[in-house]
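The structure appears below as C-alpha cells.
2 protein chains.
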Amino acid sequence: MLTLKQDHSQLVVLSVLAVGPSYGYAISKDIAARSEGHFKLSPSGMYPLLTKLEKNGLVTTGWEEVKAAGADPDSTGRRRKWYTLSDKGHKQLAKRIEHHRQVQSILDGFVSQAPESELANG
Amino acid sequence: MLTLKQDHSQLVVLSVLAVGPSYGYAISKDIAARSEGHFKLSPSGMYPLLTKLEKNGLVTTGWEEVKAAGADPDSTGRRRKWYTLSDKGHKQLAKRIEHHRQVQSILDGFVSQAPESELANG
DNA sequence: TTCGGATATATCGAAACTGGATATATTCTT
DNA sequence: AAGAATATATCCAGTTTCGATATATCCGAA
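As you go down the protein sequences, you meet chains A and B in turn.
Residues in the first sequence are numbered consecutively from 4, following our numbering.
Residues in the second sequence are numbered consecutively from 4, following our numbering.
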C-alpha cells in the first residue's frame with residue numbers, strides 16, 4: 004500500500020473526474036481498482052479534498068436520492084453526491100499534469116545520478 | 004520556480020549526498036544549479052530536513068572550521084557542518100527511489116487516461 | 001577601510017495538511 | 001436477523017510547510 008500525498012491525491016481525483024462525473028465512494032473504489040490496490044484514499048482524505056475542489060470551483064455538485072426498490076416513499080433514502088469537473092477544473096488539471104511532468108523530469112535527473120539508481124530496479 | 008514537497012526534498016538531498024559528502028549551503032546551491040533554477044530548497048526547508056536525516060541515522064555529521072588566511076587565531080571562524088550518507092542512508096535512498104518509481108508509474112496510469120493528458124505537452 | 005553581498009547555520013510560528021478513529025444511516029446478502 | 005457493503009462526513013493530535021527572522025563570518029570593490 005502506497006500512501007498518496009494530497010498533491011497526488013488531487014491529481015488522481017481530478018484525473019478520475021476528467022473521464023466522467025462520479026461520487027466519493029465510487030472514486031475511492033475506482034482509485035483502488037485502477038491502481039491494483041496500491042493507492043488508497045480514505046474517507047478522511049477524500050471528503051475534505053472534494054469539498055475543497057468544490058469550494059475552488061473545480062467541480063460542480065448535485066445530490067441524487069438513491070431509493071431502494073419498494074422503499075418507504077417518505078424515507079430520506081441514501082444520498083449520493085455527484086461531482087462533475089468544471090471548465091476551470093479541466094484547465095487546472097491540464098496545468099497540474101504539465102507541472103507534474105516537469106517536476107518528474109527534473110527529479111529524475113537527480114535520482115539517476117545517484118549510485119542507488121541502478122539497484123532500485125528490482 | 005517549482006516548489007518541492009518534503010518527500011521530494013528528501014529524495015533530492017539524499018541523491019545529492021549519494022554522490023559525496025556535502026554541507027547545507029552547498030547542497031542548496033547544488034540543487035538550484037542541477038535543476039537549472041527550477042528547484043529551490045531554502046534554509047528553513049534545508050536545516051530541519053538535515054537535522055531529521057541525522058536524527059534518523061541516515062547521515063553522519065562533522066564540523067569543519069573554515070578559517071580565512073591570516074585570520075585571528077582566536078576567532079571561532081565560520082563553521083561548516085558536513086553531512087555524509089551512512090549505510091542506512093544508502094539503503095534508505097535505494098528504497099525511496101524504488102518507491103518513487105512505483106508511485107510514478109501508477110500515477111502515470113491515471114494521468115494518461117485523462118483527456119487533458121494530450122494538451123499538457125506544450 | 002569600510003560597506004555590501006555572498007557564505008553559512010539555525011529557529012520561530014501561523015497556517016495547512018495528514019490520517020486513523022469515529023459517527024451516522026442505508027442497502028444488500030445470506 | 002445479522003452482518004457486510006454502501007455512502008457521506010467530522011474530529012483531532014501530530015506533522016509539515018515556508019516566509020520571516022536571527023546571527024555571524026568571509027570576500028571583493030570602491
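Ideal placement from N, C-alpha and C gives every residue a C-beta, glycine not left out.
Residue i, DSSP secondary structure in three states
i                 : result
Gln9 of chain B   : helix
Leu88 of chain B  : strand
Gly23 of chain A  : coil
Val39 of chain A  : Strictly speaking, residue 39 of chain A in this sequence is Glu, with Val absent from that position. Reduced to three states, the DSSP call for Glu39 of chain A is coil.
Ala29 of chain B  : helix
Ser120 of chain B : helix
Ser18 of chain A  : helix
Gln110 of chain A : Checking the sequence shown, residue 110 of chain A turns out to be Leu, not Gln. Leu110 of chain A: helix per DSSP, three-state reduction.
Leu44 of chain B  : coil
Gly125 of chain A : Any reading at Gly125 of chain A must be qualified, since the residue scores a pLDDT of 40, below 50, and its modelled position is unreliable; the value itself is stated next. Coil.
Spatially closest choice to residue i from the options, by CA coordinates
i                 : options                             : result
Gly27 of chain A  : A:His11, A:Gln95, A:Leu56, A:Asp10  : A:Leu56
Lys84 of chain A  : A:Lys94, A:Leu53, A:Asn59           : A:Leu53
Met49 of chain B  : B:Pro118, B:Val22, B:His11          : B:His11
Asn59 of chain B  : B:Pro118, B:Gln13, B:Ser31, B:Trp66 : B:Gln13
Glu121 of chain A : B:Arg99, B:Ser115, B:Glu121         : B:Arg99
Leu17 of chain A  : A:Leu96, A:Ser115, A:Leu44          : A:Leu96
Gly65 of chain A  : A:Leu44, A:Lys43, A:Ser89           : A:Ser89
Pro51 of chain B  : B:Ser115, B:Gln9, B:Lys94           : B:Gln9
Asp111 of chain A : B:Asp111, B:His93, B:Ser38          : B:Ser38
Short Cβ contact (8 Å threshold) for residue i with residue j
i                 : j                 : result
His41 of chain A  : Ile109 of chain B : yes
Val19 of chain A  : Phe113 of chain B : yes
Lys91 of chain B  : Gly80 of chain B  : no
Thr87 of chain A  : Pro24 of chain A  : yes
Glu101 of chain A : Arg82 of chain A  : no
Leu44 of chain B  : Leu5 of chain B   : no
Val62 of chain A  : Ile34 of chain A  : no
Burial state of residue i (16 or more Cβ within 10 Å)
i                 : result
Glu119 of chain B : buried
Val22 of chain A  : exposed
Ser115 of chain B : exposed
Ala117 of chain A : buried
Sheet register partners of residue i (DSSP bridge)
i                : result
Thr63 of chain B : B:Thr87
Val69 of chain B : B:Arg81
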